[in-house]
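Here's the structure we're looking at; comments come further down.
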Amino acid sequence: MSAETVLQFQGNDLAMRHLRSDSFSTLYRSVMKYVEDLAYFLDKDGRAQSKLLSPSAARDYAALTRQLTAGALRIASAMLTLRSVRDGEMSFTSGMADIRKQQMTESPSGFTGSLDGLPQGILDLTIACDALRLEVVRLVDSAGSDGRSGINPVHAALGRIGTAFGG
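In this note's numbering, each number is its position in the sequence shown, counted from 1, plus 461.
Right under this line is the structure:
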């Protein structure tokens with residue numbers, strides 16, 4: 462077995478252990494609950510509050526909600542992909558490639574409006590979305606295959622240890 466094969470196997474094994482952990486399940490539930498909370502807010506309180514905004518604040522609110530919805534869908538898609546990997550419905554390599562290709566952990570861009578005068582609820586949801594996105598980014602980064610961080614140093618060390626001890 463080559464060092465590269467050991468590195469790939471050990472990295473996938475370590476990542477799969479993490480995907481089967483309680484911390485992954487907790488993050489998965491948090492992301493899905495966030496998506497539900499966002500949808501509920503936008504449909505109920507947010508809709509009512511947006512009708513009270515000035516025209517310029519209403520435009521900013523609409524732009525922010527589009528960006529927030531896109532961000533929530535990206536992180537939810539990443540978590541659903543990781544769950545598919547965990548459950549064996551998708552290979553580790555394919556799942557990570559899909560996350561990279563679809564840029565599921567990237568922050569949506571485009572909001573250039575002002576946050577002044579926007580309802581506190583949407584601001585709180587924006588902060589929560591970014592915090593969850595960063596947790597998902599850390600999870601994907603820890604798997605060492607987000608396309609930005611290159612080889613995860615822990616996985617590289619495991620590969621070298623495996624090679625050194627003939628594993």
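All C-beta atoms in this analysis are idealised placements derived from N, C-alpha and C, irrespective of residue type, glycine included. As the structure is a prediction and not an experimental result, all values here were calculated from the model.
Through-space distance from residue j to residue i, alpha-carbon basis
i: serine 486; j: threonine 542; result: 13 angstroms
i: valine 601; j: arginine 481; result: 14 angstroms
i: methionine 551; j: aspartate 559; result: 10 angstroms
i: alanine 476; j: cysteine 590; result: 24 angstroms
i: glutamate 567; j: alanine 519; result: 26 angstroms
i: lysine 512; j: aspartate 474; result: 51 angstroms
i: glutamine 563; j: proline 580; result: 31 angstroms
i: aspartate 577; j: isoleucine 622; result: 54 angstroms
i: arginine 547; j: proline 516; result: 46 angstroms
i: threonine 530; j: valine 496; result: 8 angstroms
i: serine 484; j: serine 555; result: 22 angstroms
Beta-carbon contacts of residue i that lie in its chain and below 8 angstroms, excluding the five residues immediately before and after
i: glycine 582; result: Phe502, Asp506, Gly507 and Gln510
i: glycine 532; result: Ser568, Pro569, Cys590, Asp591 and Arg594
Same chain, Cβ closer than 7 angstroms to residue i, five either side skipped, listed in chain order
i: glutamate 596; result: Leu488
6 angstroms Cβ shell around residue i - same chain, five flanking residues per side excluded
i: aspartate 607; result: Summary for aspartate 607: the model assigns pLDDT 37, below 50, so the residue's position carries little reliability; its value from the coordinates is reported in the next sentence. For aspartate 607, where only same-chain residues beyond five positions count, the Cβ hits under 6 angstroms are Val601.
i: serine 545; result: Met551
i: isoleucine 572; result: With the sequence shown as reference, residue 572 is identified as phenylalanine, and isoleucine is not the correct amino acid for it. Excluding residues within five positions, the ones whose Cβ falls inside 6 angstroms are Ala524, Leu525 and Gln528.
i: serine 538; result: Met565
i: lysine 494; result: none
i: isoleucine 588; result: none
Beta-carbon separation (whole angstroms), residue i vs residue j, contact threshold 8 angstroms
i: isoleucine 536; j: methionine 565; result: 7 angstroms
i: methionine 540; j: valine 598; result: In fact, because the Cβ distance is near 12 angstroms, the residues do not count as touching under 8 angstroms.
i: leucine 534; j: tyrosine 522; result: Not quite, the Cβ-Cβ distance comes to about 18 angstroms (not below 8 angstroms), so this is no contact.
i: leucine 584; j: leucine 499; result: Not really, about 13 angstroms apart at Cβ, beyond 8 angstroms.
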